[in-house]
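See below for the structure under consideration.
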Amino acid sequence: MTWRRLFRPAAVALAAQPILSIVCGFAVAGLAVLASGADPVQAFSALFQGAFTNPRAFTETMIATLPYIFLGLAVALGFKAGLFNIGAEGQFYLGAVFGVFIGYSVQGLPGIVHVPLALLAGMLGGFLWAAIPGIIKARTGAHEVIITIMLNYVAFQLTDFLINNRGPLADKTSSAPRTPFIQHAAQLPILIPGTRLHAGLFVALVAIPVVWFLLSRTTVGFQIRTVGLNPSAARAAGISVGWTLVITMGISGALAGLAGADEVLGVSHFMPPSFSTGYGFDSIAVALLAKSNPWAILPAAFLFGAMRNGATFMQLQTQVSADLISIVQATVIIFIAAPAIIRWIFRLRHTPAAPVQLAKTDGGATI
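Just so it is clear: in the sequence shown, position 133 is 133 by the numbering used here, and no numbers are missing.
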(Lines of atoms letter the chains of each structure in order from A and count residues from 1; the text may use other names and numbers.)
(Lines give C-alpha, C1' and ligand atoms only; values in the text may rest on other atoms or scores of the structure.)
Protein backbone atom coordinates (compact mmCIF):
# COMPACT_ATOMS: atom_id res chain seq x y z
CA MET A 1 0.00 0.00 0.00
CA THR A 2 1.47 3.34 -1.08
CA TRP A 3 1.21 6.58 0.88
CA ARG A 4 -0.86 8.05 -1.96
CA ARG A 5 -3.45 5.29 -1.58
CA LEU A 6 -3.41 5.65 2.19
CA PHE A 7 -4.29 9.34 2.01
CA ARG A 8 -6.92 9.13 -0.71
CA PRO A 9 -10.10 11.12 0.15
CA ALA A 10 -12.10 7.90 0.49
CA ALA A 11 -9.51 6.37 2.84
CA VAL A 12 -9.30 9.54 4.94
CA ALA A 13 -13.09 9.73 5.19
CA LEU A 14 -13.24 6.08 6.21
CA ALA A 15 -10.70 6.67 9.01
CA ALA A 16 -12.27 9.97 10.07
CA GLN A 17 -15.67 8.49 10.93
CA PRO A 18 -14.51 6.23 13.80
CA ILE A 19 -12.29 8.99 15.22
CA LEU A 20 -15.09 11.55 15.10
CA SER A 21 -17.49 8.98 16.56
CA ILE A 22 -15.16 8.58 19.54
CA VAL A 23 -14.99 12.37 19.96
CA CYS A 24 -18.79 12.59 19.89
CA GLY A 25 -19.05 9.69 22.32
CA PHE A 26 -16.89 11.47 24.88
CA ALA A 27 -18.75 14.73 24.24
CA VAL A 28 -22.11 13.12 25.03
CA ALA A 29 -20.61 11.42 28.10
CA GLY A 30 -19.23 14.81 29.18
CA LEU A 31 -22.73 16.26 29.02
CA ALA A 32 -23.96 13.38 31.19
CA VAL A 33 -21.22 14.09 33.74
CA LEU A 34 -22.08 17.79 33.69
CA ALA A 35 -25.75 17.03 34.23
CA SER A 36 -24.84 14.95 37.30
CA GLY A 37 -23.07 17.94 38.85
CA ALA A 38 -19.50 16.74 38.32
CA ASP A 39 -16.68 18.23 36.29
CA PRO A 40 -16.16 16.42 32.96
CA VAL A 41 -12.55 17.63 32.72
CA GLN A 42 -11.69 16.13 36.10
CA ALA A 43 -13.54 12.90 35.28
CA PHE A 44 -11.77 12.34 31.98
CA SER A 45 -8.43 13.40 33.47
CA ALA A 46 -8.87 10.73 36.15
CA LEU A 47 -9.82 8.23 33.47
CA PHE A 48 -6.60 9.04 31.61
CA GLN A 49 -4.52 8.84 34.79
CA GLY A 50 -5.99 5.46 35.71
CA ALA A 51 -5.09 4.08 32.29
CA PHE A 52 -1.73 5.61 31.43
CA THR A 53 0.06 7.74 34.02
CA ASN A 54 2.50 5.16 35.37
CA PRO A 55 4.01 1.88 34.12
CA ARG A 56 1.74 -0.23 36.30
CA ALA A 57 -1.38 1.53 35.01
CA PHE A 58 -0.21 1.11 31.42
CA THR A 59 0.50 -2.60 31.82
CA GLU A 60 -2.93 -3.11 33.39
CA THR A 61 -4.43 -1.33 30.38
CA MET A 62 -2.57 -3.73 28.11
CA ILE A 63 -3.91 -6.69 30.12
CA ALA A 64 -7.45 -5.36 29.70
CA THR A 65 -6.79 -4.88 25.97
CA LEU A 66 -5.80 -8.48 25.22
CA PRO A 67 -9.28 -10.09 25.49
CA TYR A 68 -10.70 -7.29 23.37
CA ILE A 69 -8.21 -8.09 20.59
CA PHE A 70 -9.19 -11.77 20.42
CA LEU A 71 -12.91 -11.12 20.86
CA GLY A 72 -12.93 -8.17 18.46
CA LEU A 73 -11.31 -10.36 15.82
CA ALA A 74 -13.89 -13.06 16.54
CA VAL A 75 -16.86 -10.75 16.03
CA ALA A 76 -15.25 -9.03 13.02
CA LEU A 77 -14.70 -12.40 11.34
CA GLY A 78 -18.37 -13.19 11.74
CA PHE A 79 -19.33 -9.81 10.27
CA LYS A 80 -17.28 -10.60 7.17
CA ALA A 81 -19.57 -13.57 6.47
CA GLY A 82 -22.71 -11.61 7.30
CA LEU A 83 -23.01 -13.29 10.71
CA PHE A 84 -23.73 -11.43 13.95
CA ASN A 85 -21.93 -13.50 16.59
CA ILE A 86 -23.44 -12.23 19.84
CA GLY A 87 -22.27 -15.41 21.53
CA ALA A 88 -18.66 -14.34 22.03
CA GLU A 89 -19.27 -14.08 25.78
CA GLY A 90 -20.39 -17.70 26.05
CA GLN A 91 -17.57 -18.88 23.78
CA PHE A 92 -15.17 -16.91 25.99
CA TYR A 93 -16.45 -18.85 29.01
CA LEU A 94 -16.19 -22.25 27.31
CA GLY A 95 -12.66 -21.47 26.13
CA ALA A 96 -11.72 -20.61 29.71
CA VAL A 97 -13.30 -23.86 30.98
CA PHE A 98 -11.40 -26.01 28.49
CA GLY A 99 -8.17 -24.09 29.06
CA VAL A 100 -8.29 -24.23 32.86
CA PHE A 101 -9.14 -27.96 32.81
CA ILE A 102 -6.05 -28.78 30.73
CA GLY A 103 -4.08 -26.29 32.81
CA TYR A 104 -4.64 -28.01 36.15
CA SER A 105 -5.39 -31.64 35.23
CA VAL A 106 -2.45 -32.41 32.94
CA GLN A 107 0.78 -32.84 34.88
CA GLY A 108 4.43 -33.43 34.07
CA LEU A 109 4.57 -31.45 30.82
CA PRO A 110 7.16 -28.73 30.20
CA GLY A 111 5.80 -25.21 29.77
CA ILE A 112 6.69 -25.09 26.08
CA VAL A 113 4.19 -27.93 25.55
CA HIS A 114 1.66 -27.30 28.32
CA VAL A 115 0.89 -23.66 27.46
CA PRO A 116 0.17 -24.26 23.73
CA LEU A 117 -1.86 -27.36 24.63
CA ALA A 118 -4.05 -25.39 27.05
CA LEU A 119 -4.48 -22.54 24.54
CA LEU A 120 -5.47 -25.03 21.84
CA ALA A 121 -7.95 -26.59 24.26
CA GLY A 122 -9.49 -23.16 24.82
CA MET A 123 -9.77 -22.67 21.06
CA LEU A 124 -11.43 -26.08 20.77
CA GLY A 125 -13.98 -25.18 23.44
CA GLY A 126 -14.90 -21.94 21.71
CA PHE A 127 -14.96 -23.65 18.29
CA LEU A 128 -17.36 -26.37 19.43
CA TRP A 129 -19.67 -23.93 21.21
CA ALA A 130 -19.82 -21.56 18.22
CA ALA A 131 -20.23 -24.38 15.70
CA ILE A 132 -23.62 -25.21 17.26
CA PRO A 133 -25.38 -22.02 16.03
CA GLY A 134 -23.47 -22.30 12.76
CA ILE A 135 -24.84 -25.80 12.12
CA ILE A 136 -28.36 -24.84 13.20
CA LYS A 137 -28.34 -21.81 10.90
CA ALA A 138 -26.96 -23.80 7.98
CA ARG A 139 -29.47 -26.64 8.43
CA THR A 140 -32.63 -24.76 9.44
CA GLY A 141 -32.02 -21.09 8.63
CA ALA A 142 -32.57 -20.06 12.28
CA HIS A 143 -31.08 -16.66 13.03
CA GLU A 144 -27.68 -16.79 14.71
CA VAL A 145 -28.42 -13.80 16.95
CA ILE A 146 -31.20 -15.63 18.81
CA ILE A 147 -29.24 -18.88 19.06
CA THR A 148 -26.01 -17.30 20.27
CA ILE A 149 -27.80 -15.15 22.86
CA MET A 150 -29.51 -18.25 24.27
CA LEU A 151 -26.25 -20.20 24.23
CA ASN A 152 -24.63 -17.43 26.27
CA TYR A 153 -27.01 -18.18 29.12
CA VAL A 154 -26.45 -21.90 28.71
CA ALA A 155 -22.69 -21.30 28.92
CA PHE A 156 -23.09 -19.21 32.10
CA GLN A 157 -25.25 -21.83 33.80
CA LEU A 158 -23.05 -24.69 32.62
CA THR A 159 -19.98 -22.96 34.07
CA ASP A 160 -21.87 -22.35 37.31
CA PHE A 161 -22.78 -26.06 37.49
CA LEU A 162 -19.22 -27.20 36.81
CA ILE A 163 -17.59 -24.94 39.42
CA ASN A 164 -20.23 -24.20 42.08
CA ASN A 165 -21.61 -26.60 44.71
CA ARG A 166 -18.81 -29.12 44.49
CA GLY A 167 -19.22 -29.50 40.75
CA PRO A 168 -16.93 -31.66 38.59
CA LEU A 169 -14.36 -28.88 38.16
CA ALA A 170 -14.64 -27.37 41.64
CA ASP A 171 -11.64 -27.23 43.95
CA LYS A 172 -12.76 -29.38 46.88
CA THR A 173 -10.18 -27.80 49.19
CA SER A 174 -11.34 -24.21 48.63
CA SER A 175 -14.06 -22.47 50.64
CA ALA A 176 -14.80 -20.20 47.68
CA PRO A 177 -16.27 -21.66 44.48
CA ARG A 178 -13.49 -21.94 41.92
CA THR A 179 -11.44 -24.43 39.95
CA PRO A 180 -8.04 -25.64 41.17
CA PHE A 181 -5.07 -23.46 40.27
CA ILE A 182 -3.41 -24.41 36.99
CA GLN A 183 0.01 -26.02 36.95
CA HIS A 184 2.94 -23.63 37.02
CA ALA A 185 4.07 -24.97 33.64
CA ALA A 186 0.72 -23.92 32.14
CA GLN A 187 1.05 -20.28 33.21
CA LEU A 188 1.92 -17.75 30.52
CA PRO A 189 5.31 -16.17 31.31
CA ILE A 190 5.38 -12.66 32.74
CA LEU A 191 6.97 -10.19 30.34
CA ILE A 192 7.80 -7.39 32.79
CA PRO A 193 8.77 -8.39 36.37
CA GLY A 194 6.59 -6.77 39.00
CA THR A 195 3.58 -6.53 36.68
CA ARG A 196 0.91 -8.91 35.43
CA LEU A 197 1.63 -8.34 31.73
CA HIS A 198 2.15 -11.78 30.23
CA ALA A 199 3.17 -13.44 26.99
CA GLY A 200 -0.41 -13.52 25.79
CA LEU A 201 0.44 -10.12 24.33
CA PHE A 202 2.53 -11.85 21.66
CA VAL A 203 -0.28 -14.31 20.94
CA ALA A 204 -2.72 -11.43 20.44
CA LEU A 205 -0.33 -9.52 18.18
CA VAL A 206 0.21 -12.63 16.07
CA ALA A 207 -3.54 -13.29 15.83
CA ILE A 208 -4.13 -9.99 13.99
CA PRO A 209 -2.01 -10.71 10.88
CA VAL A 210 -3.14 -14.35 10.93
CA VAL A 211 -6.80 -13.32 10.69
CA TRP A 212 -5.96 -10.72 8.05
CA PHE A 213 -4.09 -13.35 6.03
CA LEU A 214 -6.97 -15.81 6.42
CA LEU A 215 -9.50 -13.29 5.12
CA SER A 216 -7.37 -11.69 2.40
CA ARG A 217 -5.07 -14.38 1.07
CA THR A 218 -6.77 -17.75 1.41
CA THR A 219 -9.55 -19.61 -0.37
CA VAL A 220 -11.50 -19.93 2.87
CA GLY A 221 -11.25 -16.18 3.41
CA PHE A 222 -12.49 -15.53 -0.13
CA GLN A 223 -15.46 -17.81 0.51
CA ILE A 224 -16.22 -16.05 3.80
CA ARG A 225 -16.17 -12.62 2.18
CA THR A 226 -18.19 -13.78 -0.82
CA VAL A 227 -20.92 -15.33 1.34
CA GLY A 228 -20.99 -12.14 3.40
CA LEU A 229 -21.45 -9.97 0.31
CA ASN A 230 -24.03 -12.10 -1.49
CA PRO A 231 -24.95 -15.65 -0.40
CA SER A 232 -27.00 -16.26 -3.55
CA ALA A 233 -24.12 -15.31 -5.84
CA ALA A 234 -21.75 -17.40 -3.74
CA ARG A 235 -24.04 -20.41 -4.06
CA ALA A 236 -24.31 -19.88 -7.82
CA ALA A 237 -20.51 -19.77 -8.01
CA GLY A 238 -20.28 -23.22 -6.40
CA ILE A 239 -19.45 -22.14 -2.85
CA SER A 240 -21.08 -24.18 -0.09
CA VAL A 241 -22.83 -21.47 1.89
CA GLY A 242 -23.78 -23.80 4.74
CA TRP A 243 -20.24 -25.09 5.18
CA THR A 244 -18.89 -21.54 5.06
CA LEU A 245 -21.30 -20.39 7.77
CA VAL A 246 -20.33 -23.29 10.03
CA ILE A 247 -16.58 -22.85 9.56
CA THR A 248 -16.85 -19.08 10.03
CA MET A 249 -18.74 -19.45 13.29
CA GLY A 250 -16.28 -22.13 14.38
CA ILE A 251 -13.21 -19.97 13.71
CA SER A 252 -14.92 -16.99 15.35
CA GLY A 253 -15.63 -19.12 18.41
CA ALA A 254 -12.05 -20.43 18.44
CA LEU A 255 -10.77 -16.84 18.69
CA ALA A 256 -13.22 -16.11 21.51
CA GLY A 257 -12.22 -19.32 23.27
CA LEU A 258 -8.57 -18.34 22.90
CA ALA A 259 -9.39 -15.12 24.75
CA GLY A 260 -10.84 -17.11 27.65
CA ALA A 261 -7.91 -19.51 27.84
CA ASP A 262 -5.46 -16.61 27.61
CA GLU A 263 -7.19 -14.88 30.54
CA VAL A 264 -6.99 -18.01 32.70
CA LEU A 265 -3.41 -18.93 31.83
CA GLY A 266 -2.07 -15.39 32.00
CA VAL A 267 -4.00 -13.49 34.67
CA SER A 268 -6.19 -15.41 37.13
CA HIS A 269 -4.59 -18.93 36.95
CA PHE A 270 -7.96 -20.36 38.05
CA MET A 271 -11.59 -19.86 37.05
CA PRO A 272 -14.40 -18.62 39.28
CA PRO A 273 -18.09 -19.06 38.30
CA SER A 274 -18.44 -15.40 37.27
CA PHE A 275 -15.59 -14.72 34.92
CA SER A 276 -14.68 -11.33 33.35
CA THR A 277 -18.29 -10.41 32.64
CA GLY A 278 -18.90 -8.04 29.75
CA TYR A 279 -15.88 -8.65 27.54
CA GLY A 280 -17.86 -10.55 24.93
CA PHE A 281 -20.55 -7.92 24.56
CA ASP A 282 -18.06 -5.02 24.52
CA SER A 283 -16.22 -6.77 21.70
CA ILE A 284 -19.17 -6.09 19.40
CA ALA A 285 -18.46 -2.39 19.80
CA VAL A 286 -14.75 -3.01 19.19
CA ALA A 287 -15.48 -4.78 15.89
CA LEU A 288 -17.94 -2.07 14.82
CA LEU A 289 -15.48 0.69 15.64
CA ALA A 290 -12.78 -1.10 13.65
CA LYS A 291 -15.23 -1.66 10.77
CA SER A 292 -14.26 -5.34 10.86
CA ASN A 293 -10.72 -4.52 9.71
CA PRO A 294 -8.29 -6.87 11.56
CA TRP A 295 -5.57 -4.21 11.65
CA ALA A 296 -7.96 -1.63 13.11
CA ILE A 297 -8.97 -4.03 15.88
CA LEU A 298 -5.73 -3.23 17.75
CA PRO A 299 -6.34 0.53 18.33
CA ALA A 300 -10.06 -0.08 18.95
CA ALA A 301 -9.28 -2.77 21.53
CA PHE A 302 -6.66 -0.55 23.15
CA LEU A 303 -9.22 2.26 23.51
CA PHE A 304 -11.72 -0.04 25.19
CA GLY A 305 -9.02 -1.58 27.38
CA ALA A 306 -7.94 1.88 28.52
CA MET A 307 -11.51 2.87 29.33
CA ARG A 308 -12.13 -0.37 31.22
CA ASN A 309 -8.94 -0.02 33.26
CA GLY A 310 -9.26 3.72 33.94
CA ALA A 311 -12.94 3.65 34.89
CA THR A 312 -12.36 2.35 38.42
CA PHE A 313 -9.75 5.01 39.20
CA MET A 314 -12.06 7.68 37.78
CA GLN A 315 -14.84 6.56 40.10
CA LEU A 316 -12.55 6.55 43.13
CA GLN A 317 -11.14 9.99 42.40
CA THR A 318 -14.22 11.88 41.23
CA GLN A 319 -17.18 9.74 42.38
CA VAL A 320 -18.34 9.65 38.76
CA SER A 321 -19.78 6.20 38.12
CA ALA A 322 -17.67 3.78 36.10
CA ASP A 323 -20.85 3.15 34.09
CA LEU A 324 -20.01 6.39 32.30
CA ILE A 325 -17.86 4.25 30.03
CA SER A 326 -21.00 2.45 28.87
CA ILE A 327 -22.38 5.79 27.72
CA VAL A 328 -19.25 6.40 25.67
CA GLN A 329 -19.44 2.93 24.13
CA ALA A 330 -23.15 3.16 23.33
CA THR A 331 -22.80 6.60 21.77
CA VAL A 332 -19.84 5.53 19.67
CA ILE A 333 -21.87 2.60 18.34
CA ILE A 334 -24.77 4.91 17.46
CA PHE A 335 -22.52 7.22 15.46
CA ILE A 336 -20.76 4.29 13.77
CA ALA A 337 -24.12 2.79 12.81
CA ALA A 338 -25.41 6.12 11.49
CA PRO A 339 -22.51 7.75 9.60
CA ALA A 340 -24.88 10.34 8.11
CA ILE A 341 -25.08 11.97 11.56
CA ILE A 342 -21.30 12.41 11.67
CA ARG A 343 -21.26 13.84 8.15
CA TRP A 344 -24.03 16.28 9.10
CA ILE A 345 -22.39 17.41 12.36
CA PHE A 346 -18.94 17.94 10.87
CA ARG A 347 -20.10 18.93 7.36
CA LEU A 348 -18.18 16.07 5.75
CA ARG A 349 -18.63 15.32 2.07
CA HIS A 350 -19.97 11.89 1.32
CA THR A 351 -17.45 9.96 -0.77
CA PRO A 352 -19.05 6.89 -2.35
CA ALA A 353 -16.99 3.72 -2.36
CA ALA A 354 -15.31 2.72 -5.60
CA PRO A 355 -17.20 0.04 -7.55
CA VAL A 356 -16.03 -3.49 -6.97
CA GLN A 357 -14.62 -5.00 -10.15
CA LEU A 358 -15.40 -8.69 -10.27
CA ALA A 359 -14.60 -9.46 -13.87
CA LYS A 360 -14.38 -7.94 -17.34
CA THR A 361 -16.15 -8.85 -20.51
CA ASP A 362 -14.26 -9.08 -23.76
CA GLY A 363 -15.14 -5.47 -24.46
CA GLY A 364 -13.58 -4.37 -21.18
CA ALA A 365 -16.80 -3.52 -19.37
CA THR A 366 -16.92 -4.17 -15.66
CA ILE A 367 -19.34 -6.81 -14.46
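Backbone N, C-alpha and C define an ideal beta-carbon position, used for all residues, glycine too.
- Under the DSSP assignment, Ile-333 falls in the alpha helix (DSSP H) whose first and last residues are 324-337.
- Per DSSP, reduced to three states, the secondary structure at Ile-190 is strand.
- Taking Leu-265 as reference, the option from Thr-59, Pro-116, Gly-78 and Val-41 with the minimal CA-CA separation is Pro-116.
- Apart from sequence neighbours up to five positions away, the residues of its chain that approach Ala-259 with a beta-carbon distance below 6 Å are Pro-67, Phe-70, Leu-71 and Phe-92, ordered along the chain.
- Per DSSP, the continuous alpha helix (DSSP H) segment holding Ala-296 begins and ends at 294-318.
- Secondary structure note for Gly-90: its alpha helix (DSSP H) is the uninterrupted segment 88-105.
- Looking at the DSSP output, His-198 bridges to Ile-190.
- In this structure, Ile-342 sits away from Gln-42, with a CB-CB distance that is not shorter than 7 Å.
- Within its own chain, the residues whose Cβ lies closer than 6 Å to the Cβ of Leu-245, once the five positions on either side in sequence are excluded, are Gly-134, Lys-137 and Ala-138, listed in chain order.
- Counting only the Cα atoms, Ile-333 lies some 6 Å from Ala-285.
- The beta carbons of Asn-309 and Ala-51 sit closer together than 7 Å.
- Counting along the chain, Phe-79 sits inside the alpha helix (DSSP H) bounded by residues 55-80.
- When the beta-carbon positions are compared, Leu-215 and Leu-73 stay at least 7 Å from each other.
- In terms of Cα proximity to Gly-108, the closest of Asn-152, His-184 and Pro-177 is His-184.
- The DSSP-derived three-state label of Arg-225 is helix.
- Shown here for Leu-298: same chain residues with a beta carbon closer than 7 Å to its own, the five before and five after excluded, namely Ile-69 and Ile-208 in chain order.
- Sequence-distant partners of His-114 (beyond 5 residues in either direction) whose C-beta falls short of 7 Å from its own C-beta, in its chain, are Val-106, Gln-183, Ala-185 and Ala-186.
- Around the beta carbon of Arg-178, 16 or more other beta carbons sit within 10 angstroms, so the residue counts as buried.
- Between the alpha carbons of Ile-247 and Val-97 lies a gap of roughly 22 Å.
- Remark: C-beta atoms of Val-145 and Ile-224 do not approach each other more closely than 7 Å.
- By the neighbour-count definition (other C-beta atoms within 10 Å, threshold 16), Pro-193 is an exposed residue.
- With a threshold of 16 other beta carbon atoms within 10 Å, Phe-275 meets it and is buried.
- The C-alpha of Ala-27 lies about 12 Å from the C-alpha of Ile-19.
- Closest by C-alpha distance to His-269, out of Phe-304, Ile-102 and Ala-38, is Ile-102.
- Residue range 111-140 is occupied by the alpha helix (DSSP H) that includes Gly-126.
- When only Cα atoms are considered, Leu-94 and Leu-348 end up about 44 Å apart.
- Sorting Leu-83, Ala-261 and His-143 by C-alpha distance to the C-alpha of Gly-125 places Ala-261 at the top.
- Judged by their CB atoms, Pro-40 and Leu-34 are nearer to each other than the 7 Å cut-off.
- Just so you know, the alpha carbons of Gly-82 and Pro-231 end up roughly 9 Å apart.
- Annotated three-state conformation of Met-249 is helix, per DSSP.
- Within its own chain, the residues whose Cβ lies closer than 8 Å to the Cβ of Thr-312, once the five positions on either side in sequence are excluded, are Gly-50 and Ala-322, listed in chain order.
- Taking the C-beta atoms as reference points, Met-307 is found nearer than 7 Å to Ile-325.
- Collapsing the DSSP output to three states places His-269 in coil.
- Taking Ser-292 as reference, the option from Phe-58, Leu-77 and Leu-31 with the minimal CA-CA separation is Leu-77.
- For the pair Ser-21 and Ile-336, the CB atoms are nearer than the 7 Å cut-off.
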